[in-house]
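J.: Okay, handing you the structure first.
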Amino acid sequence: MAKKKPDTIIISDIMNSLSPISSLLTPEQIEELKEHLSIRHFKKSQIMYKEGDVPQYFHCLISGKVKVYKDGVGGRTQIIRVIKPVEFFGYRAYFANQNYVTAAAAFESSTLCLIPMEVVDKWTQSNLKLALYFVKHLSIELGSSDQRTVNLTQKHIRGRLAEALLFLKDCYGLEEDGATLSIYLSREDLASLSNMTTSNAIRTLSAFANEHIVAIDGRKIKIIDEEQIKKISKIG
């Protein structure tokens, strides 16, 4: 699918979304950013890049929800990270001189801003503040990834699911009722996020519902007793 250049009506919105980076750029680099950025719309479940692809673009999620995942042994998928507006992703592999070791796909209809990595790389070589920003951002992501790896391997099934629910709440928030998670995951995706089989995710979520910790309505999950969920997650 061809990339689309942003029109002048939405260019200001995109620049606001990119403010953590654009605020660090020189006036010349700002003009270069406007010249090279493009937008692309993805349908639900559409893949943005695949494992093994050569990284070409710096991705900024303007709207929607995205999962970064990796296919494991036996065809099981592990969701590594979830992306919310307006977060950056898909650039680590380029700086590491690697092909992608993960894949990314849309949870729902999503809009991305894409910047060629060659342009971003050129900026970092002459802009110390921008380079340090990426060092800090990647360091924070590495710390979060390390902590999540420990939790997903050491906690029991109930603890992993409880942590996943809290993780989704922190990432995407709640709907207007103040209780329903603002993301509707399939049971397969919920299992992938919790490092368990789909059948275990279904049974454990049903157990939570029977204990009146959550309420389930299709893919909607309503948190009834958040303190209990935190307790289960902490106990592991």
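One point on numbering: in this note's numbering, the residue at position 178 of the sequence shown is 658, and numbering is uninterrupted. Glycine included, each C-beta is placed from N, C-alpha and C at the ideal position. On a predicted model such as this, the values are computed, not experimentally measured, just so you know.
(1) Which whole-angstrom value describes the C-beta separation of VAL599 and GLU512, a residue pair presumed to lie in contact below a C-beta threshold of 8 Å?
(2) Candidates THR591, LEU654 and ILE559: which alpha carbon is nearest SER674's?
(3) What are the boundary residues of the alpha helix (DSSP H) that includes ASP669?
(4) To test your reading of the DSSP string, which unbroken beta strand (DSSP E) runs of 3 or more residues are found completely within the stretch 509-553?
(5) So if DSSP puts LYS702 in a beta bridge, which residue, or which two residues, is it bridged to?
(6) How close, in whole Å, do the beta carbons of ILE527 and ALA576 come, if the pair is a contact with beta carbons under 8 Å?
(7) Quick test of your reading: SER662 and ARG699, contact by CB under 8 Å. State the CB separation rounded to the nearest angstrom.
(8) So, under 8 Å CB-CB, THR591 and HIS521 are touching, yes? Tell me the CB distance rounded to an integer number of Å.
(9) Would the beta-carbon of ASP551 fall within 8 Å of that of ASN579?
(10) With distances taken Cα to Cα, identify the nearest neighbour of CYS651 among ILE563, ILE494, THR633 and ILE693.
(11) Alpha carbon to alpha carbon, what distance is there between PHE647 and LYS702?
(12) Determine, using beta carbons only, whether GLU643 and LYS635 come nearer to each other than 8 Å.
(13) Locate the beta strand (DSSP E) running through PRO596, then write down its first and last residues.
(14) How is the beta strand (DSSP E) around MET558 delimited, first residue to last?
(15) Kindly indicate which three-state DSSP category ASN496 falls into: helix, strand or coil?
(16) Is PHE568 helix, strand or coil by DSSP?
(17) Would you tell me roughly how many angstroms separate the C-alpha atoms of ALA671 and THR678, rounded to the nearest one?
(18) Work out the CA separation of LEU594 and MET481 for me, nearest whole Å.
(19) State the beta-bridge partners of LEU648 as determined by DSSP.
(20) For THR633, count neighbouring C-beta atoms within 10 Å of its own C-beta (all shown protein chains included) and say buried if the count is 16 or more, exposed if not.
(21) By Cβ distance, which residues of its chain are closer than 7 Å to ILE637, with the 5 residues on each side in sequence left out?
(22) Please state the DSSP three-state secondary structure of LEU734.
(23) For ALA573, which residues of its own chain have a beta-carbon under 6 Å away from its beta-carbon, when the five flanking residues on both sides are left out?
T.: A quick look at the data gives this:
(1) Against the sequence shown, residue 599 aligns to sequence position 119. Against the sequence shown, residue 512 aligns to sequence position 32. That pair is a contact at about 6 Å.
(2) As a working note, residue 674 is residue 194 in the sequence shown. Considering only alpha carbons, the answer is ILE559.
(3) Here residue 669 refers to the residue found at position 189 when the sequence shown is read from its first residue. Counting along the chain, the alpha helix (DSSP H) containing ASP669 begins and ends at 667-674.
(4) Counting only runs of 3 or more residues that sit fully inside the stretch 509-553, the beta strand (DSSP E) segments are 518-522, 527-529, 537-543 and 546-551, in chain order.
(5) If you number the sequence shown from 1, residue 702 lands on position 222. According to DSSP, LYS702 shares a beta bridge with THR660 and ALA695.
(6) As a working note, residue 527 is residue 47 in the sequence shown. As a working note, residue 576 is residue 96 in the sequence shown. The pair is not a contact, with the Cβ atoms about 21 Å apart (cut-off 8 Å).
(7) Walking along the sequence shown from the start, residue 662 turns up at place 182. Walking along the sequence shown from the start, residue 699 turns up at place 219. Not quite, the Cβ-Cβ distance comes to about 12 Å (not below 8 Å), so this is no contact.
(8) In the sequence shown, the residue the question calls residue 591 occupies position 111. In the sequence shown, the residue the question calls residue 521 occupies position 41. The C-beta separation of THR591 from HIS521 comes to about 5 Å, placing the pair in contact by the 8 Å criterion.
(9) Position 71 of the sequence shown holds residue 551. Position 99 of the sequence shown holds residue 579. Against a cut-off of 8 Å, the Cβ pair of ASN579 and ASP551 comes out as no contact.
(10) For the purposes of this step, residue 651 is taken as residue 171 along the sequence shown, with counting starting at 1. If we check each option's Cα against that of CYS651, ILE563 comes out closest.
(11) To locate residue 702, count along the sequence shown from 1; it is residue 222. To locate residue 647, count along the sequence shown from 1; it is residue 167. Distance between the alpha carbons of LYS702 and PHE647 is about 14 Å.
(12) The count along the sequence shown starts at 1 and reaches residue 643 at position 163. The count along the sequence shown starts at 1 and reaches residue 635 at position 155. Taking 8 Å as the Cβ cut-off, GLU643 and LYS635 qualify as a contacting pair.
(13) Residue mapping note: residue 596 aligns to position 116 of the sequence shown, counting from 1. Taken as a continuous stretch (DSSP letters only), the beta strand (DSSP E) holding PRO596 covers 590-596.
(14) As a first step, residue 558 is located in the sequence shown; it is residue number 78 there, counting from the start. In the sequence as displayed, the identity of residue 558 is Gln instead of Met. Per DSSP, the continuous beta strand (DSSP E) segment holding GLN558 begins and ends at 557-563.
(15) Within the sequence shown, the letter at position 16 stands for residue 496. Note: ASN496 maps to helix in three-state DSSP.
(16) Counting from one through the sequence shown, the residue named residue 568 turns up at place 88. PHE568 falls in the strand class under three-state DSSP.
(17) Along the sequence shown, one-based indexing puts residue 671 at 191. Along the sequence shown, one-based indexing puts residue 678 at 198. Note on geometry: alpha-carbon atoms of ALA671 and THR678 lie some 5 Å from one another.
(18) By one-based count along the sequence shown, residue 481 stands at place 1. By one-based count along the sequence shown, residue 594 stands at place 114. No answer about MET481 holds up, because its pLDDT of 44 lies below 50 and its placement is not dependable.
(19) Numbered from 1 along the sequence shown, position 168 holds the residue referred to as residue 648. Residue pairing by DSSP leaves LEU648 without any beta bridge partner.
(20) In the sequence shown, the residue the question calls residue 633 occupies position 153. Exposed.
(21) Position 157 of the sequence shown holds residue 637. The residues are MET676, ASN680 and THR684.
(22) Outside the displayed span of the chain (481 to 716) sits residue 734, for which this structure offers no information.
(23) The residue you call residue 573 lines up with position 93 of the sequence shown. Cβ contact annotation for ALA573 (same chain, cutoff 6 Å, sequence separation greater than five): PRO535 and TYR580, in chain order.
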